[in-house]
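By the count of this note's numbering, the sequence shown reaches residue 298 at its end, each step adding exactly one.
Even glycine gets a Cβ: it sits at the ideal position worked out from N, Cα and C.
Predicted, not measured: the structure shown is a model, and the values here were computed from it.
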Amino acid sequence: MTEQKTEGIAERCRRVAEGIRAAERAAGRAEGSVRLLAVGKTFPAEAVLECARSGQRAFGENYAQEGCGKVDWFRENHPELARELEWHFIGRLQANKTRMVAERFDWVESVDRLKTAERLSAQRPEGMAPLQLLIEVNVDSEGTKAGVEPRAVEPLAQAIAALPRVRLRGLMAIPMPGMGEIGRCSSLRRLKRLFDGLREKHPEWTDFDTLSMGMSSDATDAVTAGTTEVRIGRAIFGERTYNR
Ligand SMILES: *Cc1c(COP(=O)(O)O)cnc(C)c1O
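And the structure:
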């Protein structure tokens, strides 16, 4: 990676962060009410470092091995900065990878079955802060996609809320790609309604405060719809190539 390209990442990250602040203002929302998660999947740890140097602190990763490698790289090479970073796992999590994630990440946003939450709970080391969990919702009820059907969210959430060493923090969704703006906004609003309904019904879930929806293509719409976190990859790191 050339120096010029890594400089571009810090600038783009700053610009994306400013865009989110502007979207908050336009939607009449409090400044800083939306967290920016910078999604560095397929990009090397050095690219994430450039982004961190612009002030960004929360990072998302999709692949267990790659993500854990980056967490370890920061601890070894930039131990002081590493203590300030927050790592969110947002991809599919196979049973044989839950332990490495439970030992390194701060959040897992892609929980869609109780078994995964139980493994993470059992494998989260005692000395660490609780692992923060989001339930991934299949908001458009796509047959093939990951995530829990909207009506199955509440029973799963109730079971997760009872587990030790994990904390249920809210919901995450990836709206179906290729929908027009109207369809997309309707998905975002449906997820927000589900989130608000659960919060109202379950005040005992005291930390249920996080709604993760919105990516490079629909971040502004998601802020308008009431998201509390957007996950941005391409707009910060550039286009991905998957021939890893
Ligand atoms: C890759 C990915 C993102 C980021 O998507 P961009 O289109 O690159 O912004 C967000 N969320 C999830 C779950 C992802 O896999």
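### Query
Considering only residues of the same chain and omitting the five flanking positions on each side of Glu258, which have a CB-CB separation below 8 Å?
Within the sequence shown, numbered from 1, the residue matching residue 258 stands at position 204. Closer than 8 Å at Cβ, skipping near neighbours: Ala215.
### Task
Identify which residue in Met182, Ala211 and Asn131 has its Cα closest to the Cα of Glu190.
The residue labelled residue 190 in the question sits at position 136 within the sequence shown. Checked all of Met182, Ala211 and Asn131; the closest Cα to Glu190 is Ala211.
### Task
Using only the heavy atoms of ligand 1, determine whether one of them is closer than 6 Å to the beta carbon of Ser270.
Counting from one through the sequence shown, the residue named residue 270 turns up at place 216. Answer for Ser270: yes, Cβ within range of ligand 1.
### Message
Going by DSSP in three states, Gly201 sits in which element: helix, strand or coil?
### Response
On the sequence shown, position 147 is the one that residue 201 refers to. Correct three-state label for Gly201: coil.
### Simplified DSSP state of Ser266, which is helix, strand or coil
On the sequence shown, position 212 is the one that residue 266 refers to. It is a strand residue.
### Query
Using a threshold of 6 Å, is the CB atom of Asn131 nearer than that to any non-hydrogen atom of ligand 1?
Position 77 of the sequence shown, counted from the start, is the residue given in the question as residue 131. It does not: the Cβ of Asn131 is nowhere closer than 6 Å to a heavy atom of ligand 1.
### Message
I'd like to know if the region 270 to 279 and the region 140 to 152 are in contact, where contact means that at least 3 CB-CB pairs between them fall below 8 Å.
### Response
no
### Query
Among Lys199, Ala213 and Val193, which residue has its Cα nearest to the Cα of Arg205?
Here the question's residue 205 lines up with position 151 in the sequence shown. Per the Cα distances, Val193.
#### Entry: First through last residue of the alpha helix (DSSP H) which encompasses Met154
By one-based count along the sequence shown, residue 154 stands at place 100. Met154 -> alpha helix (DSSP H) spans Thr152 to Ala156.
### Task
List the endpoints of the continuous alpha helix (DSSP H) containing Val102.
Along the sequence shown, read from residue 1 onward, the residue named residue 102 stands at position 48. Counting along the chain, the alpha helix (DSSP H) containing Val102 begins and ends at Ala99 to Arg107.
### Message
Ignoring anything shorter than 4 residues, give me the alpha helix (DSSP H) runs that lie fully in the region 174 to 237, in order along the chain.
### Response
207 to 215
### Task
Go through the region 123 to 170 residue by residue and report every complete run of the alpha helix (DSSP H) that reaches 4 residues or more, in order.
133 to 138 and 152 to 156
### Message
Tell me which residue opens and which closes the alpha helix (DSSP H) that Arg89 is part of.
### Response
Your numbering for residue 89 matches position 35 in the sequence shown. Where Arg89 is concerned, there is no enclosing alpha helix (DSSP H), although the beta strand (DSSP E) it sits in stretches over Arg89 to Val93.
### Query
Mind checking Met182: buried by the 16 CB within 10 Å criterion, or exposed?
Your numbering for residue 182 matches position 128 in the sequence shown. With fewer than 16 Cβ atoms within 10 Å of its Cβ, Met182 is classed as exposed.
### Message
Here's the rule: buried if 16 or more other CB atoms are within 10 angstroms of the residue's CB, otherwise exposed. What is Gly232?
### Response
Mapped onto the sequence shown, residue 232 falls at position 178. Exposed.
### Query
Buried or exposed: where does Thr264 fall if 16 or more other Cβ atoms within 10 Å of its Cβ makes it buried?
Here residue 264 refers to the residue found at position 210 of the sequence shown. With 16 or more other Cβ atoms within 10 Å, it is buried.
### Query
Taking the C-alpha atoms as reference points, what is the distance between Gln81 and Val277?
For the purposes of this step, residue 81 is taken as the residue at position 27 of the sequence shown. For the purposes of this step, residue 277 is taken as the residue at position 223 of the sequence shown. The sequence given here has Ala at residue 81, not Gln. Distance between the alpha carbons of Ala81 and Val277: 7 Å.
### Query
Ends of the alpha helix (DSSP H) at Arg69?
As a working mapping, residue 69 is identified with position 15 in the sequence shown. Start and end: Glu57 to Ala80.
### Message
Once the 5 residues before and after Glu57 are set aside, which same chain residues still bring their CB inside 8 Å of it?
### Response
Here residue 57 refers to the residue found at position 3 of the sequence shown. Residue confidence is low: Glu57 scores 48 on pLDDT, short of 50, so the model does not pin down where it sits. No coordinate-derived value is stated.
### Message
Can you check which of these residues, Ala176, Arg68, Lys95 and Glu283, is closest to Gln119 by C-alpha distance?
### Response
Walking along the sequence shown from the start, residue 119 turns up at place 65. The option with the nearest alpha carbon to Gln119 is Lys95.
### Query
Is Gly287 near ligand 1, judged by its Cβ being under 6 Å from some heavy atom?
Here residue 287 refers to the residue found at position 233 of the sequence shown. Yes, Cβ of Gly287 sits closer than 6 Å to a heavy atom of ligand 1.
### Task
Starting from Ala273, trace the alpha helix (DSSP H) both ways and give me its first and last residue.
Walking along the sequence shown from the start, residue 273 turns up at place 219. It spans Ala273 to Ala279 - the alpha helix (DSSP H) in which Ala273 sits, taken as one unbroken run.
### Task
Please find out if some non-hydrogen atom of ligand 1 comes closer than 6 Å to the beta-carbon of Asn348.
Not covered by the structure: residue 348. The range shown for the chain is 55 to 298.
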